[in-house]
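Take the sequence shown: its position 317, counted from the start at 1, is 317 in the UniProt record's numbering, and no numbers get skipped. Positions of the beta carbon are idealized from the N, C-alpha and C atoms, including for glycine.
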Amino acid sequence: MIPYVLRRIGHALVVLWGAITLSFVIVQLVPGDPARLVLTGKESGGGGTASAEQLAEIRTQMGLDRPLLQQYLGYLGDVVTLDWGVAWSKEQREVVEVLGDGLVPTLQLGLTSLTLLLLLGLAGALASVLLPTRWLRAIAETITLVGIAVPSFVLAIVLLQIFSFGLQWFPAFGTEGWRSLVLPSLAIALLGAGTLAQVFARSIREVQGEGHVEVARARGLSPRQVLTGHVLRNASLPVYTLVGILVGGIVSGAAIIETVFARPGIGQLYVEAVEARDFPLIQALIILTGGLYVLVTLVVDLTYPLLDPRIASPGGRARPRRAVTAPRSH
């Protein structure tokens with residue numbers, strides 16, 4: 001078990017280091033002078049002139065006046081110590097402070113979306129497999145395809161038209177109260193729920209045909225006992241793996257949904273930082289979202305042996321044998 005845990009933590013650290021390095025390389029590959037782009041991007045209209053003193057000050061603060069290797073090593077040190085500089089597009093506030101303000105509403109949206117995603121996905125999978133008649137199962141499976149086929153921003157607009165502008169059940173914009181979370185969370189959750197339902201339903205059908213399930217039926221167990229004791233546990237293994245991938249979809253979908261519903265958060269900060277060419281903030285957002293994804297994936301990997309102890313055993317499989325298809329990003 002210990003070698004497995006150390007191996008997974010090592011993989012997570014490598015991925016996180018890759019995200020940090022990528023955020024550093026982005027600034028180096030930007031055409032033109034990053035300091036000039038930052039300065040002109042934070043001025044109204046983005047077309048102001050920059051004095052030599054202003055440019056020198058920004059280059060010093062961003063570490064651009066040092067050799068490349070020193071820049072990289074210094075950047076790694078700053079990341080580790082959370083010294084991420086100032087956000088030029090946010091009145092030169094500390095980047096950590098800006099991220100803290102945006103992280104809370106995004107976490108609220110993400111956790112609510114993930115909860116709805118799991119509930120809708122599991123319900124859709126069970127309905128498409130266990131409903132008593134073929135046509136009911138076909139209807140349930142068709143509904144799950146909607147979440148895969150329809151882009152999240154289209155779902156957001158439809159939900160706004162029906163439940164906000166039409167029925168006026170939920171507010172269209174803002175973050176006031178729990179009701180403001182319903183529509184944006186549902187718009188994000190439906191995309192992943194369709195993928196989850198398809199994967200889980202396919203896994204249930206595969207497990208239902210395996211030998212140990214046939215033996216359980218032959219022993220006289222009721223259909224409910226066979227389902228709960230032998231089918232769902234084994235069928236849930238690829239679904240559990242998929243959760244880590246779906247979290248990445250939630251993070252990427254938040255940028256679109258927060259813009260549509262005018263919600264503050266990490267996604268909205270991405271849009272504003274790119275528009276303002278605020279490189280310190282962009283770099284921090286890359287690290288933050290990459291770190292969240294790595295953290296969730298690590299938690300999934302470390303708890304996976306609780307469902308299948310063979311994973312952590314010497315010579316055990318690192319992943320379940322069934323392939324998992326990653327959700328499409330809209």
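Exposed unless 16 or more other CB atoms sit within 10 angstroms - verdict on Ala218: exposed
Give a yes or no on whether the C-beta atoms belonging to Val271 and Thr259 are separated by under 8 Å. yes
For Arg93, which three-state DSSP category applies? strand
Note the first and the last residue of the continuous alpha helix (DSSP H) segment covering Val80. Leu68 to Val80
With 16 other Cβ atoms within 10 Å as the buried cut-off, status of Val226: buried
Taking buried to mean at least 16 other C-beta atoms within 10 Å of its own C-beta, is Val25 buried or exposed? exposed
Could you please give the first and the last residue of the uninterrupted alpha helix (DSSP H) stretch that includes Ala276? Ile266 to Ala276
By how many angstroms is the C-alpha of Leu298 removed from the C-alpha of Tyr4? 12 Å
Are at least three pairs of beta-carbons, each pair with one atom in the stretch 110-129 and one in the stretch 139-155, less than 8 Å apart? yes
Check whether the stretch 239-254 touches the stretch 73-81, counting contact only when three or more Cβ pairs, one atom from each stretch, lie closer than 8 Å. no
Under 8 Å, with one C-beta from each stretch per pair, do the stretch 180-194 and the stretch 144-164 reach the 3-pair mark? yes
Distance, Ala201 Cα to Val215 Cα: 21 Å
Do you know how far the Cα of Asp65 is from the Cα of Ile287? 23 Å
Paired residues, beta bridge with Ala87 - DSSP: Arg93
Give the DSSP-derived three-state secondary structure of Val150 in the structure shown. coil
Are there three or more Cβ pairs, one per stretch, closer than 8 Å when the stretch 84-99 is compared with the stretch 166-175? no
Delimiting residues of the alpha helix (DSSP H) encompassing Phe200: Arg179 to Gln208
Going by beta carbon distance, what residues of the same chain come within less than 7 Å of Phe163, once the five residues before and after it are set aside? Trp169, Phe170 and Leu183
Delimiting residues of the alpha helix (DSSP H) encompassing Ile58: Ala52 to Met62
In the DSSP assignment, find the unbroken alpha helix (DSSP H) run with Glu176 in it and report its ends. Unbroken run through Glu176: none, as it is neither H nor E.
List the endpoints of the continuous alpha helix (DSSP H) containing Val3. Position check: residue 3 holds Pro in this sequence, whereas Val was assumed. Per DSSP, Pro3 belongs to the alpha helix (DSSP H) from Ile2 to Leu29.
Val30 beta carbon less than 8 Å from that of Leu37: yes
Reducing DSSP to helix, strand and coil, say where Thr142 ends up. helix
For a quick check, are the C-beta atoms of Ile148 and Gly194 less than 8 Å apart? yes
Look at the Cβ atom of Met1, then the Cβ atom of Pro280, and state whether they are nearer than 8 Å. no
Cβ neighbours of Val27 in the same chain (closer than 6 Å, five flanking residues each side left out): Pro34 and Phe279
For Leu82, which residues in the same chain have their Cβ closer than 7 Å to its Cβ, ignoring the five residues on either side in sequence? Val96
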